Ligand SMILES: [Zn+2]
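Right under this line is the structure:
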C-alpha cells in the first residue's frame with residue numbers, strides 16, 4: 009500500500025516532510041533516491057562564481073520552439089516528434105500533444121482585432137463556453153474526435169498522484185493532484201500550464217500513460233520521480249520501457265528566481281548547482297555604460313546582473329534519469345513560454361493575466 013501523500017506545501021518543512029514521504033514510496037517501488045553528497049562543504053558562492061565565469065546571457069539558454077502543426081479545425085499544436093515518426097520503436101498506439109495559444113474561441117487574452125485563442129483553463133477572466141469549445145477543439149486536433157474525454161486534475165503544486173477515474177466515476181469534477189495516469193484506452197489525460205513544465209510519460213510494453221505538472225514546488229518534491237515510482241506499482245512499469253516528453257515551459261533564459269529556491273533544491277539534489285545559472289543582462293547599453301544605471305538599484309545589486317536562473321527542464325530531465333529512463337528515451341520539445349509569448353501563454357510574461365495550455369496523452373482505443 010503506497011503511503012498517503014499530503015497536498016501542497018508552501019513552507020520548507022512541509023516540503024521536507026513530503027520528500028520523506030516520497031522517499032518511502034520510492035523505496036517501496038524499488039528505487040533508491042540518490043542522496044546529496046559531494047556538494048557539502050562547497051559554498052553556494054563558490055559554485056555560483058564558477059557558473060558566473062561562463063558569462064551566460066539569456067540567448068545562451070534559450071531553446072527554440074519547433075514550428076507547430078495546424079489542425080483542420082485551426083488549432084496550432086506540438087507533438088513529440090520522436091513519438092510521431094514512422095519506423096521501428098515508435099508508438100502508433102499513443103495520442104500526445106502540447107497545445108499553443110493559437111487557434112480557438114477565447115477572447116480574454118488577445119486584442120480585439122485578432123483571431124480567437126486556445127485558452128484551455130477555466131480562468132476567472134474567460135468565458136466558460138469558449139474554454140469548453142477549445143477543449144473539444146484540442147481533443148479533435150489530437151485524437152480526431154471532439155468527443156474524446158479529456159481528464160483533468162485540480163493542480164496544487166504537490167506530488168500527489170491519481171489514476172484516471174473509471175467510466176462509472178465522475179470525470180467532470182477534477183481531483184486534486186499534479187500527476188495523473190491510466191492504462192485505460194480512449195481517454196486523454198491533461199495537465200494545464202502557463203510557465204510550469206508539463207511532462208508526459210508512456211510505457212511502451214504495458215501501454216500505460218501519465219501526465220505530470222512540474223512547477224518549482226512540484227519539482228523539488230519530485231513529482232516526476234514519484235510518479236514513475238507509482239507507475240511501477242500500479243502497472244508494473246519497468247523504467248527501461250518508459251519514454252518521456254518534456255513540454256514547453258518557462259526556459260532557463262527567463263526563469264529568474266530568488267536565492268531561497270537554490271537552498272530548497274540544494275537540500276534535496278546533489279546536482280542542484282547544475283540546475284542554476286547566473287545570467288547577465290544582455291542589454292548592450294547597460295553592459296557598456298553600467299554607470300548610467302548604477303543609481304537605479306539598491307547598493308549591492310548590480311544593474312547588469314547577474315541574476316539567478318533555474319532550469320526546470322533540466323531538473324525534470326534529471327528526475328527521469330534518476331528514475332531509470334534511458335537518456336535516449338527522453339525528449340524535450342523546446343520553446344520558452346516567456347520568450348515565445350505569441351505562441352504560448354506565460355503567467356510571468358503577462359504578469360499573471362494568462363490563459364492555460366494543455367499537454368495531453370492517451371492510449372488509442374483498439
Ligand atoms: Zn525565455
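Residue numbers (my numbering): 9 to 374. Glycine residues also receive a C-beta, built at the ideal position from the N, C-alpha and C atoms. Quantities reported herein were computed from a predicted structural model and do not represent experimental measurements.
In the DSSP output, what is residue i paired with across the bridge?
i           : result
residue 367 : 106, 199
residue 257 : 344
residue 149 : In the DSSP output, where bridge partners are listed per residue, residue 149 has none listed.
residue 350 : Per DSSP, none; premise fails for residue 350.
residue 264 : 317
residue 269 : Note: residue 269 sits in no beta bridge, so no partner.
residue 252 : 209, 338
residue 72  : Answer by DSSP bridge pairing: none, since residue 72 is not bridged.
Measure the Cβ-Cβ separation of residue i and residue j and say whether it is below 8 Å.
i           : j           : result
residue 195 : residue 219 : no
residue 108 : residue 86  : yes
residue 209 : residue 217 : yes
residue 112 : residue 125 : yes
residue 266 : residue 204 : no
residue 331 : residue 91  : no
residue 321 : residue 349 : no
residue 134 : residue 149 : no
residue 355 : residue 319 : no
residue 362 : residue 227 : no
residue 199 : residue 146 : no
residue 214 : residue 184 : no
residue 179 : residue 193 : no
residue 264 : residue 328 : no
residue 238 : residue 169 : yes
residue 201 : residue 367 : yes
residue 114 : residue 138 : yes
residue 247 : residue 231 : no
Whose C-beta lies closer than 8 Å to the C-beta of residue i among residues of the same chain, with five residues either side of it excluded?
i           : result
residue 119 : none
residue 171 : 188, 189, 190, 242
residue 151 : 103, 196, 370, 372
residue 43  : Unreliable placement is indicated for residue 43, whose pLDDT of 45 sits below 50; the coordinate value is still reported in the next sentence. The residues are 278.
residue 74  : 86, 89, 341, 342, 343
residue 72  : 342, 343
residue 76  : 84, 85, 86, 108, 110, 351
Can you tell me whether residue i is helix, strand or coil according to DSSP?
i           : result
residue 164 : coil
residue 190 : strand
residue 61  : Note that residue 61 scores a pLDDT of 48, beneath 50, so its modelled location is shaky and nothing firm can be said.
residue 85  : strand
residue 336 : helix
residue 226 : helix
residue 79  : coil
residue 136 : helix
residue 326 : helix
residue 218 : strand
residue 113 : strand
residue 183 : strand
How far does the beta strand (DSSP E) with residue i in it extend, from its first residue to its last?
i           : result
residue 205 : 205–211
residue 171 : 169–171
residue 287 : 284–288
residue 315 : 315–318
Once you ignore the five residues that flank residue i on each side, which residues in its own chain have a CB closer than 7 Å to its CB?
i           : result
residue 49  : Note on residue 49: pLDDT 38, under 50, position unreliable in the model; the coordinate value appears next. Here the set comprises nothing.
residue 347 : 70, 259, 261, 262
residue 100 : none
residue 212 : 99, 249, 251
residue 16  : Caution applies to residue 16, whose pLDDT of 41 falls short of 50 and renders its modelled position unreliable; the value that the coordinates give is listed next. Result list for residue 16: 164, 165, 166, in chain order.
residue 352 : 108, 109, 256, 343, 345, 365
residue 283 : 273, 318, 319, 322, 323
residue 374 : 193
Over the uninterrupted alpha helix (DSSP H) stretch that includes residue i, give me the two end residues.
i           : result
residue 128 : Looking at the DSSP string, residue 128 is not in any alpha helix (DSSP H), and its letter there is neither H nor E.
residue 243 : 231–243
residue 277 : Element bounds for residue 277: n/a, residue is neither H nor E.
residue 66  : 66–69
Given residue i, which residues of its chain have a CB within under 6 Å of its CB, disregarding the five upstream and five downstream residues?
i           : result
residue 58  : Since pLDDT at residue 58 reaches only 48, below the 50 mark, its modelled position is unreliable, and the value read off the structure follows with that caveat. Hits under 6 Å: none found.
residue 160 : 182, 198
residue 61  : Note that residue 61 has pLDDT 48, beneath the 50 cutoff, so the model's placement of it is unreliable and the number below is only indicative. So no residue of the chain qualifies.
residue 141 : 113
residue 225 : 165
residue 154 : 144, 147, 148
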